[in-house]
Each structure stands twice: as structure tokens, then as C-alpha cells.
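Residue numbers are given in the working numbering: position 59 of the sequence shown equals residue 106, and the series is strictly consecutive.
Even for Gly, the Cβ is constructed at its ideal location relative to N, Cα and C.
These notes are about the structure you will find just below.
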Amino acid sequence: MDMYEQVIELAKRRGFLWNSFELYGGTAGFYDYGPLGSTLKRRIENIWRQLYVIEEGFMEIETPTIGIEEVFVASGHVGGFSDPLCECTECGEAYRADHLISGIIETADALSNEEVDKIILEHNITCPECGGKLGNATEFNLMFQTKIGPGSGRNGYLRPETAQGMFVNFQRLAKFYREKLPFGTTQIGKSYRNEISPRQGVIRLREFTQAEAEIFIDPSEKTHPEIARFENDVLTLYSQDAQKTGKPESMTIREAIDNNIIAHEFLAYQIALANNFLQRIGISPDKLRFRQHLKDEMAHYAIDCWDAEIWMERFGWVETVGIADRTDYDLMAHAKMSQEELAIYKEYDHPRMIRKFVVKPDMAKLGPLFRKKAKAVADELQKLDEESLSQEEISVIVEGEEYKIPSELITFEEVEEKVSGETVVPHVVEPSYGIDRIFYALMEHAFNTEKVASDDAEEEERTVLKLKSEVAPIQVAVLPLMGKTELSTPAKEIVRKLANRGILASYDESGTIGRRYRRNDEIGTPYAVTIDYDTLKDNTVTIRDRDTMKQVRTSIDTLENTLFELIHEKIRFEDAGVPL
Ligand code: GAP
Numbered sequence: 048m049d050m051y052e053q054v055i056e057l058a059k060r061r062g063f064l065w066n067s068f069e070l071y072g073g074t075a076g077f078y079d080y081g082p083l084g085s086t087l088k089r090r091i092e093n094i095w096r097q098l099y100v101i102e103e104g105f106m107e108i109e110t111p112t113i114g115i116e117e118v119f120v121a122s123g124h125v126g127g128f129s130d131p132l133c134e135c136t137e138c139g140e141a142y143r144a145d146h147l148i149s150g151i152i153e154t155a156d157a158l159s160n161e162e163v164d165k166i167i168l169e170h171n172i173t174c175p176e177c178g179g180k181l182g183n184a185t186e187f188n189l190m191f192q193t194k195i196g197p198g199s200g201r202n203g204y205l206r207p208e209t210a211q212g213m214f215v216n217f218q219r220l221a222k223f224y225r226e227k228l229p230f231g232t233t234q235i236g237k238s239y240r241n242e243i244s245p246r247q248g249v250i251r252l253r254e255f256t257q258a259e260a261e262i263f264i265d266p267s268e269k270t271h272p273e274i275a276r277f278e279n280d281v282l283t284l285y286s287q288d289a290q291k292t293g294k295p296e297s298m299t300i301r302e303a304i305d306n307n308i309i310a311h312e313f314l315a316y317q318i319a320l321a322n323n324f325l326q327r328i329g330i331s332p333d334k335l336r337f338r339q340h341l342k343d344e345m346a347h348y349a350i351d352c353w354d355a356e357i358w359m360e361r362f363g364w365v366e367t368v369g370i371a372d373r374t375d376y377d378l379m380a381h382a383k384m385s386q387e388e389l390a391i392y393k394e395y396d397h398p399r400m401i402r403k404f405v406v407k408p409d410m411a412k413l414g415p416l417f418r419k420k421a422k423a424v425a426d427e428l429q430k431l432d433e434e435s436l437s438q439e440e441i442s443v444i445v446e447g448e449e450y451k452i453p454s455e456l457i458t459f460e461e462v463e464e465k466v467s468g469e470t471v472v473p474h475v476v477e478p479s480y481g482i483d484r485i486f487y488a489l490m491e492h493a494f495n496t497e498k499v500a501s502d503d504a505e506e507e508e509r510t511v512l513k514l515k516s517e518v519a520p521i522q523v524a525v526l527p528l529m530g531k532t533e534l535s536t537p538a539k540e541i542v543r544k545l546a547n548r549g550i551l552a553s554y555d556e557s558g559t560i561g562r563r564y565r566r567n568d569e570i571g572t573p574y575a576v577t578i579d580y581d582t583l584k585d586n587t588v589t590i591r592d593r594d595t596m597k598q599v600r601t602s603i604d605t606l607e608n609t610l611f612e613l614i615h616e617k618i619r620f621e622d623a624g625v626p627l
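Structure below.
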């Protein structure tokens with residue numbers, strides 16, 4: 048079994064994750080989270096909330112997972128959110144055309160369908176399933192379409208990203224944040240993509256969870272007030288230039304900004320925050336890098352994008368988070384579609400005096416030339432910018448009709464004007480997390496097998512999921528040495544006391560203590576509390592640390608606090624009691 052198979056076998060057997068609809072044979076691209084998986088996933092999401100909602104102040108919103116057609120026409124998804132599809136002309140099997148040639152050309156996803164067809168033909172690539180002839184590559188839109196309401200209904204789509212729900216709420220959000228940039232909003236929820244033929248298990252799903260933040264910034268102010276927090280953090284960056292040499296580089300965030308490797312501080316801050324989050328939940332730093340998109344792989348809405356890529360044994364470097372500079376693309380697109388202004392009025396700290404040229408139409412001459420329309424023509428002239436006015440032939444549109452104005456009828460005057468603010472269309476920096484991929488990566492990075500002494504003094508192998516205690520689904524296992532009432536009663540009391548402190552503890556009295564430790568090691572429970580006959584005498588219990596298997600003896604009276612502090616890494620295990 049390779050690493051992926053070992054992790055998924057454990058995940059299925061112990062209640063983390065399995066294929067959906069198993070009862071009916073299942074279908075690719077859908078996974079269910081079981082009791083432990085749902086808890087682990089929720090803990091990941093809650094740490095994300097801690098960082099983005101509580102610490103950054105990007106309040107969370109919740110919008111429908113179905114969107115109306117206008118939203119996705121404006122966003123560009125109806126027109127362009129597609130992958131190249133290639134079907135076997137004999138068995139009908141469907142393939143991502145770019146995946147079929149990815150072994151031949153590295154940037155396969157940047158090729159046109161015609162180029163893909165040419166490579167398939169030249170290399171004589173046939174159907175991997177039956178060896179049959181492959182048809183031409185065609186574009187396949189990845190959105191799930193639906194009808195809203197009965198009859199012919201209104202076209203709707205399951206959202207392919209949570210982001211659009213935040214963009215279309217821009218006006219309300221701007222009011223909520225009193226029109227002060229920067230501000231941000233977040234959403235965690237399901238997104239849907241009708242992936243062509245997902246063959247990568249939990250890595251490529253048709254329904255998956257995204258955690259996204261849309262951070263609206265002033266395009267003229269790209270320095271981040273809090274960048275000092277992360278300035279000295281060292282990250283592995285794989286910039287466009289570094290990709291030419293094939294060598295990712297380690298550097299501090301400050302070096303990356305100063306050397307123009309990351310374009311601006313807002314983007315750099317978000318890359319650093321993603322690095323901080325991923326390591327906090329337990330992604331190994333040596334299996335994490337940030338890769339900049341090449342120009343030809345950038346999404347239609349982005350001018351710059353860095354992916355947090357995580358190393359996974361079977362899949363290699365996998366994109367788990369995309370951190371994009373979306374500019375004003377989305378707000379402009381929705382403003383055009385909705386005919387609403389999606390902008391904020393930015394008031395200056397102090398009014399500014401600006402000098403500008405204004406048009407002075409000569410009404411004595413415009414009047415006879417344009418008669419009843421003269422006033423409207425003059426008004427339109429005054430709206431023209433300097434560039435339009437410097438053309439040889441000046442024209443304006445009045446009630447749909449074009450009027451040409453000879454330049455000798457226009458004179459200019461330079462005036463000084465007091466301006467107290469301006470209208471700004473914010474730019475957007477967006478960190479977009481795929482929680483399911485991160486979930487799998489965490490399990491893989493935590494997965495360990497090691498030799499240990501067994502109860503009967505023989506060596507045995509233990510499987511241990513070395514999850515960070517903050518994300519482990521079950522946080523404490525409470526184990527009476529034996530199932531007798533005198534031990535089980537205080538053990539159950541401990542479970543109750545831990546629950547009241549918000550700690551999820553399990554109670555287990557069956558099997559040898561060694562077996563019970565192994566069962567808990569395998570699901571990542573960081574601490575086990577053992578109640579024995581000494582407990583009845585001196586009111587103390589043993590706490591065992593999952594990773595080192597070391598034990599300390601500590602008082603029951605302070606047990607909830609001790610465990611809480613251990614779980615949240617406020618104290619070291621050695622300081623949790625008297626070592627045994
Ligand atoms: N709003 C921007 C956006 O959606 P994306 O790069 O298409 O950007 C963001 O997606 C993240 O969502 C990815 O980095 C990945 O972790 C996750 N994701 C995308 N497609 C996925 C799929 N089919 N299955 C699982 N996760 C997926």
C-alpha cells in the first residue's frame with residue numbers, strides 16, 4: 048500500500064472519511080466525513096476563523112450555494128470556467144485532455160484545444176482504458192446548472208467558489224464597514240465543480256469546502272500596517288523567475304518585498320498569514336512552498352497569484368490555497384452587469400487643492416449652431432476629460448445623436464478646485480483555501496508507523512497520527528485501569544468535568560491498557576488519562592503523551608486546566624505533573 052492508501056484505509060476504518068453513496072456503489076468526486084473527520088475538519092475551520100475572523104476582523108457572512116445566472120455571467124464563469132474534455136470514440140470514457148499529455152509537456156493546461164489535439168496525434172496517445180481512438184478536445188463548463196422554480200424556471204448554478212457571494216454584497220458590506228478601506232469579509236462553505244473525471248480521490252472533488260476571504264483595499268495604498276508581524280518569517284518561495292531555474296528559494300517576507308519578488312505588502316501579508324495558519328494546524332514546513340502562477344496559467348480575474356502547495360506522497364506538490372490579486376476585476380464586472388456603482392467614496396484626511404482645465408463653451412457660437420440642443424451639448428462638453436478634449440475633432444453624444452464641435456468654439460480655463468475626496472473602486476486580495484485538500488495533507492503528514500514494546504514485552508508496530516493537539520478530534524482518552532465501578536465512576540466524572548471545560552474526551556474501559564493506548568494513538572488523541580487504585584488513595588491520575596509515550600502523575604483537582612493548557616500548547620508536558 049502506498050501512503051495514500053494507508054491513510055485512506057485508516058480514515059475509512061476509524062471514522063474520518065469515506066466515499067459517499069457507498070451503499071449504491073459510490074460515484075467519483077464525493078466524500079463523506081465521519082464522526083472523527085467532521086470534528087477534525089471543524090477544528091481546522093475554527094482555527095481559520097480564529098485567524099481571519101477574530102484576529103484580522105474579516106467578519107463572516109453566509110450566502111446561497113445556488114446563484115442566479117447574472118452573477119456567473121458577470122464573473123466570467125458561464126463564459127470561461129471550463130476544462131478541456133477528451134472522450135474515447137470507442138468506450139466513451141472521459142478525460143481531462145491536458146492531463147493526458149501532462150507527461151509530455153509541463154504546461155499542458157496553458158495549451159489551446161488545437162495544440163492539445165496535435166500533441167495527442169503526434170504522440171499517438173490512445174484511450175488509457177481501452178486503447179481506442181480519442182476524439183478532439185472540447186471545452187467543458189465545470190458549473191452544475193439547475194433551474195430555479197418550476198416549469199422552464201430561471202437558470203441557476205451551484206457556485207464554483209464562495210467568492211461571488213461576497214462580491215455581489217459589496218454595497219452592503221461597504222456600508223457595514225463605514226466605507227473605510229481596507230476591509231474584509233469571509234465565508235466558509237461548499238463549492239461545486241463538475242470535474243471531468245476526478246481520479247485523485249479526496250484531492251479533486253465535485254463538492255468541496257472553501258474558506259475564502261475577500262479583502263478590499265485601496266489600489267493606491269498597498270503597504271500593510273501590520274506587515275512587521277511577519278517580516279522575519281522565512282518562507283519557501285517559488286517565484287516565476289525561480290521556476291525558470293527549477294529552484295525554490297528560502298527568504299524572509301521582508302526580503303521578498305524588498306526584492307520585488309512579492310509585488311506588494313498586502314499580498315505578502317496574506318502569503319505569510321497562510322504560511323502561519325498551515326504550520327499552526329500541523330503542515331510540515333519542509334513540505335510547504337508558495338509557488339507563483341506563471342503568466343499563462345493565471346485565472347481570468349487575477350494579475351498575480353501565489354499557491355500554497357503542499358507535498359503529498361502520491362500526488363507531489365498540490366495546490367491547497369490560492370492567494371490572488373484580483374484587482375478590481377470582479378467589482379467592475381458586477382457593476383457593468385448590474386448598472387450599479389460598486390465603489391466607495393474616499394474622503395481625504397485634509398481637502399486637497401487641485402488645478403484643472405475646464406472647458407468654456409462659447410454659447411454665443413454654440414447657440415446658433417445647435418439651437419435647442421446647445422445647452423445639452425455644452426453640458427456634455429464639460430464632462431469630457433483632458434484627453435478627449437485634446438483630439439482634433441471633438442464630439443459628444445446627446446440623446447443618442449453625435450454632435451461634432453469645431454475646436455475654435457471651445458476655450459479652456461485653468462481653475463483651482465478644493466476636493467475633499469474621490470470615488471475609488473477597491474482592489475481585492477483573496478486567500479482561497481480548499482479545506483478538504485488541507486484535511487488530507489494533515490492526515491498524511493501526521494501519519495506515522497513505529498516500533499514499540501508491546502504488553503508482552505515483544506516489539507510491535509504502532510500507527511500513530513501525530514496531529515497537533517489543537518486539531519485532534521478526540522482530545523483526551525479517559526481510561527480506567529479496569530472496568531470496576533470503583534475506577535469507572537471517578538473516570539466518568541472526569542469525562543464530565545472535561546466536557547464542561549469544552550474538552551472532547553472519550554471513555555474506554557475495554558481491552559488491555561496497551562491496546563487502548565494504540566486505539567487512541569491511531570486516531571491522534573494527544574493525551575490519555577489513566578485512573579488506577581492510587582487515584583482512590585491520593586486523588587492523582589496519570590497523563591500519557593501520545594508522541595513520546597512519556598507519563599506524568601498529576602492531581603485530579605486541576606486536571607481540566609492542566610489538559611486545557613496542554614492541548615493549547617500553553618505548558619510543556621514535563622511541567623504538567625511529576626514525571627514517572
Ligand atoms: N475563489 C478563488 C478560487 O476558487 P481556486 O484556485 O479555483 O480559486 C481555491 O480554488 C482552492 O479550492 C484550491 O486551492 C483548492 O484547494 C480548492 N479546490 C479547487 N478545486 C477543487 C476540487 N475540485 N476539489 C477539491 N478542492 C478544490
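Cβ pair residue i, residue j closer than 8 Å
i: L341; j: Q290; result: yes
i: N216; j: I113; result: no
i: S244; j: V368; result: no
i: C135; j: L181; result: yes
i: R591; j: E477; result: no
i: D631; j: A157; result: It is not possible to answer for residue 631, since the shown part of the chain is limited to 48 through 627.
i: E261; j: S238; result: no
i: Y376; j: Y395; result: no
i: R61; j: L83; result: yes
i: L314; j: M298; result: no
heavy atom of ligand 1 below 7 Å from residue i C-beta
i: L252; result: yes
i: E259; result: yes
i: R96; result: no
i: D483; result: yes
i: E162; result: no
i: F255; result: yes
i: I240; result: The amino acid at residue 240 is misidentified as Ile; the sequence shows Arg. Yes, the Cβ of R240 comes within 7 Å of a heavy atom of ligand 1.
i: V476; result: no
i: E366; result: yes
i: A321; result: no
i: S385; result: no
i: S67; result: no
i: E107; result: no
i: G369; result: yes
i: A210; result: yes
i: S244; result: no
i: S454; result: no
Coil, strand or helix - residue i by DSSP
i: N188; result: strand
i: V406; result: strand
i: N608; result: helix
i: I401; result: strand
i: Q522; result: coil
i: R361; result: coil
i: M379; result: helix
i: R600; result: strand
Outcome for residue i when other beta-carbon atoms lying within 10 angstroms are tallied against a minimum of 16
i: A275; result: exposed
i: C174; result: buried
i: P408; result: buried
i: D426; result: exposed
i: G76; result: buried
i: L545; result: buried
i: F459; result: exposed
i: G196; result: exposed
i: L627; result: exposed
i: P473; result: buried
i: D305; result: exposed
i: R201; result: exposed
i: A319; result: buried
Per DSSP, cross-strand counterpart(s) of residue i
i: T470; result: Y392
i: T458; result: K407
i: Y450; result: V443
i: S238; result: F255
i: Y285; result: R338
i: W631; result: Because the chain is modelled from 48 through 627, residue 631 falls outside the range shown and cannot be assessed.
i: V476; result: I262 and D372
i: C135; result: L181
Contact test: residue i Cβ vs ligand 3 heavy atom, cutoff 7 Å
i: G248; result: Inclusion of ligand 3 in the displayed structure is not the case, the ligand content consisting of ligand 1 alone.
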